[in-house]
Every structure is written in structure tokens, then in C-alpha cells.
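A.B. asks: Quick one: the structure is below, and I'll ask about it shortly.
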Amino acid sequence: RDCLLSRGLGDVYTRQVLIISLTLNGFLKKSLVQEVNVDEYMFVMCHIIFVFTYLYILIRWLTKKNNIRPNLLKKMNKKTIYLFIFCGINAILASCLFVYLLKQNDVSYIVPHTNSLLIILTLFVGYYFFKEKITLKKMLGSLLVILGLICINLKDNKSLTQSNI
């Protein structure tokens, strides 16, 4: 069966931690860009990511759990190198744009829009470029995502904070 219950418990906890982390991520970034501009954010984060990546690798190496092949860089072909470069540039671009949008808008508006559209675009890219199947469940799920976006964008006469209760 293809459901959460049939997978390992560690897998479920990993997804839960990921969801919590990604949820906090937008709000943490929003808080930071109230104090610094997008360029300053990227500059500081670049250094933090660099340091903690090497700490992670060092800890994995010290615990003998490191999976990096000794001559990895020598064995990479041009396609792999270009993909790494493209992934890096794409990650930087996406991060800059996301932080910029968070600086200008509510996290509770930007995150649902970006994540929802990401789901739908991923479905189409997977189908057209990677020959992944679009099932009835995926189509129905995408339709529900679109309906959710429509609901989020409907104009309210009253917001929750203006209630007269």
C-alpha cells in the first residue's frame, strides 16, 4: 500500500521535521529581512551555509559515515558539472526571489501560492520532460490545489482579526 502508515516510522518523523522546518523557514526569513536587505541576507546566509555544510561533512567523516567518494570531482563528467552549476545558480535565484517576496508580502500569502504552484508545475514538468504518469489522483489533487488558491484569493468582507466576537 502506498500510504504513510505502510512506510517506516523514521520516514514519517523525517517528513514531520521537514514540514515544521519549512513552515518556520518563511517566518524566520521574513523576520530577518525586516532587519536587513535581501543582499545582506544572502551574504550572511551564504557564509552560514558554507560553515555548517563543512561542519556536517566533518562530523560525518569523524563518525566514519561519510559517503563522499575520494576522487568525486575528478570522475564527474561535463553534464554533471553543468547540472551542479545550474542547480547552484537556480538555488541562489530562488532564494533571492523568495526572500524578496517575503519582504514585500505576508508569509501566509506567499508560501501557499509558491508551494501550490510548485506542485502543479512539478506535475507538468514531470509529465513532459521525465515521462512521469499523471494519474486521476494527481489530476484531482491538482484541481483541489487550484481551488484552494482560488479560495485564498477571494476577497473577504471581514478578516479574522476584525471579527466582532
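Remember, my numbering sits 29 above the position in the sequence shown when you count from 1.
By construction, the Cβ of each residue, glycine as well, lies at the ideal position given by its N, Cα and C atoms.
1) Between Ser124 and the rest of its own chain, which residues show a CB-CB distance below 8 Å, the 5 nearest in sequence each way excluded?
2) Going by C-alpha distance, which of Met105, Gln63, Phe81, Lys167 is nearest Leu130?
3) Can you give me the C-alpha to C-alpha distance between Asp40 and Thr109, rounded to a whole angstrom?
4) Give the range of the alpha helix (DSSP H) segment to which Arg89 is assigned.
5) Between which two residues does the alpha helix (DSSP H) carrying Ile139 extend?
6) Taking Val154 and Val67 to be in contact with their CB atoms under 8 Å, please state how far apart those CB atoms are, rounded to whole angstroms.
7) Taking the straight line between their C-alpha atoms, what separation do you get for Ile194 and Tyr157?
8) At which residues does the alpha helix (DSSP H) containing Asn182 begin and terminate?
9) Exposed or buried, Val46, counting other C-beta atoms within 10 Å across all chains shown (16 or more means buried)?
10) Count the other C-beta atoms from every protein chain shown that fall within 10 angstroms of the C-beta of Gly117, then say buried if there are 16 or more, exposed otherwise.
11) What are the start and end residues of the alpha helix (DSSP H) that includes Asn96?
12) Is the region 135-142 close to the region 168-183, with three or more CB pairs under 8 Å?
13) Do you know offhand how far Asn95's Cα is from Tyr83's?
14) Might you give, ordered along the chain, the residues of its own chain that have their beta carbon closer than 8 Å to the beta carbon of Val65, omitting 5 neighbours on each side?
15) Taking contact to mean 3 or more Cβ pairs, one atom from each stretch, closer than 8 Å, check whether the region 97-104 and the region 42-56 are in contact.
16) Between the C-alpha atoms of Ala120 and Leu183, what's the straight-line distance to the nearest angstrom?
C.D. replies: In brief:
1) Locating residue 124 in the sequence shown gives position 95, where the first residue counts as 1. Answer for Ser124: Met71, Met74, listed in chain order.
2) Locating residue 130 in the sequence shown gives position 101, counting from the first residue. It is Gln63 whose Cα lies nearest to the Cα of Leu130.
3) Locating residue 40 in the sequence shown gives position 11, where the first residue counts as 1. Locating residue 109 in the sequence shown gives position 80, where the first residue counts as 1. Approximately 29 Å between the Cα atoms of the pair.
4) Within the sequence shown, residue 89 is the residue found at index 60, counting from 1. Segment 67-91, the alpha helix (DSSP H) holding Arg89.
5) Mapped onto the sequence shown, residue 139 falls at position 110. Counting along the chain, the alpha helix (DSSP H) containing Ile139 begins and ends at 136-159.
6) Start at 1 with the first residue of the sequence shown, and residue 154 comes out as number 125. Start at 1 with the first residue of the sequence shown, and residue 67 comes out as number 38. Contact flag wrong, Cβ pair sits at about 27 Å.
7) Within the sequence shown, numbered from 1, the residue matching residue 194 stands at position 165. Within the sequence shown, numbered from 1, the residue matching residue 157 stands at position 128. A caution first: Ile194 carries a pLDDT of 43, below 50, which makes its placement in the model unreliable, though a value can still be read off. Each residue's alpha carbon lies about 51 Å from the other.
8) Locating residue 182 in the sequence shown gives position 153, where the first residue counts as 1. First-last of the alpha helix (DSSP H) with Asn182: 165-182.
9) If you number the sequence shown from 1, residue 46 lands on position 17. An exposed status is given to Val46, since fewer than 16 other beta-carbon atoms sit within 10 Å of its beta-carbon.
10) Counting from 1 along the sequence shown, the entry for residue 117 is found at position 88. Counting Cβ neighbours within 10 Å, Gly117 comes out exposed, since fewer than 16 surround it.
11) By 1-based counting over the sequence shown, the position of residue 96 is 67. In the DSSP assignment, Asn96 falls outside any alpha helix (DSSP H) and carries neither an H nor an E.
12) Taking 8 Å as the limit for Cβ pairs, the verdict is that the region 168-183 does touch the region 135-142.
13) For the purposes of this step, residue 95 is taken as residue 66 along the sequence shown, with counting starting at 1. For the purposes of this step, residue 83 is taken as residue 54 along the sequence shown, with counting starting at 1. Rounded to the nearest whole angstrom, the CA to CA distance from Asn95 to Tyr83 is 12 Å.
14) Within the sequence shown, the letter at position 36 stands for residue 65. Within its own chain, the residues whose Cβ lies closer than 8 Å to the Cβ of Val65, once the five positions on either side in sequence are excluded, are Val73, listed in chain order.
15) With the cut-off at 8 Å, the region 97-104 and the region 42-56 do not touch.
16) Here the question's residue 120 lines up with position 91 in the sequence shown. Here the question's residue 183 lines up with position 154 in the sequence shown. Cα-Cα distance, rounded: 31 Å.
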